[in-house]
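Sequential numbering from 88 applies to the sequence shown in my numbering. Even for Gly, the Cβ is constructed at its ideal location relative to N, Cα and C. A quick write-up on the structure given underneath.
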Amino acid sequence: MAESRLGTCPHCGTGTSRKGRNCLSCRTKRAWREGQFRPRCLPRRGRDLSPIEAAWLGAMVEGEGSIVIRKSATARRRKQVILQVCNSEVEVIATCLRLAGTGCVYLRTMRKQPAHWRPVWFWIVSARQDVTYLLRQIR
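Right, here's the structure in full:
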């Protein structure tokens, strides 16, 4: 039989990794400590929001964000729901991520960007159950 290329993580010893690399959990934790935001995802675990947190997050989605419904790239008849907030201030995006407890943060830069433009940060939640859970709390 063919050997499995999966092994234990050399960093934590518990997760599985390919070819001696660190597992996803270790890479994510290390990336957040080192300040690398591109792209790193938090595990899928939404948290319960207080009424004030839900109002703040709802205001951010209303003012700076969007809810996108599009066809799935893999399945013909499925629809994908995406919740995203974009802003040039990383603190705002980090607060969205901290409050929701789920999603990914991306930095978008352009190669030929004018000098007076600032980089744009995106917080994106694309897992259907997470989007549904958050939208029910912020309505």
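Would you report the Cα separation of residue i and residue j, rounded to the nearest angstrom?
i                 : j              : result
phenylalanine 124 : arginine 163   : Confidence is the limiting factor: at phenylalanine 124 the pLDDT is only 44, short of 50, which leaves the residue's position unreliable, though a coordinate-based value still follows. Rounded to whole angstroms, phenylalanine 124 to arginine 163 spans 32 Å at the Cα level.
valine 218        : histidine 203  : 34 Å
lysine 166        : methionine 197 : 29 Å
arginine 127      : glutamate 140  : Any answer about arginine 127 is weak, because its pLDDT of 44 lies below 50 and its placement is not dependable; what the coordinates show is given next. Cα to Cα, arginine 127 sits roughly 23 Å from glutamate 140.
alanine 181       : glycine 188    : 10 Å
glycine 150       : cysteine 173   : 10 Å
isoleucine 225    : proline 138    : 8 Å
glycine 133       : lysine 199     : 37 Å
glutamine 216     : proline 201    : 39 Å
alanine 118       : lysine 158     : No answer about alanine 118 holds up, because its pLDDT of 49 lies below 50 and its placement is not dependable.
phenylalanine 209 : glycine 152    : 9 Å
glutamate 178     : tyrosine 193   : 13 Å
threonine 161     : arginine 223   : 26 Å
alanine 146       : alanine 214    : 21 Å
isoleucine 154    : alanine 142    : 16 Å
Under 8 Å between the Cβ atoms of residue i and residue j?
i           : j              : result
serine 175  : arginine 205   : yes
glycine 190 : valine 212     : yes
valine 148  : isoleucine 156 : no
Just checking my contact of residue i with residue j at CB under 8 Å: how many whole Å lie between their CB atoms?
i           : j           : result
leucine 170 : leucine 221 : 6 Å
leucine 184 : leucine 144 : With a Cβ gap of about 11 Å, leucine 184 and leucine 144 do not count as contacting.
Is DSSP giving residue i helix, strand or coil here?
i            : result
leucine 170  : strand
leucine 136  : coil
glycine 145  : helix
glycine 188  : coil
arginine 195 : strand
arginine 223 : helix
Looking at the ligand PLP, does it come within less than 7 Å of residue i, judged from the CB to the closest heavy atom?
i          : result
serine 213 : With respect to small molecules bound, the structure shown includes none, and the ligand PLP cannot be examined in it.
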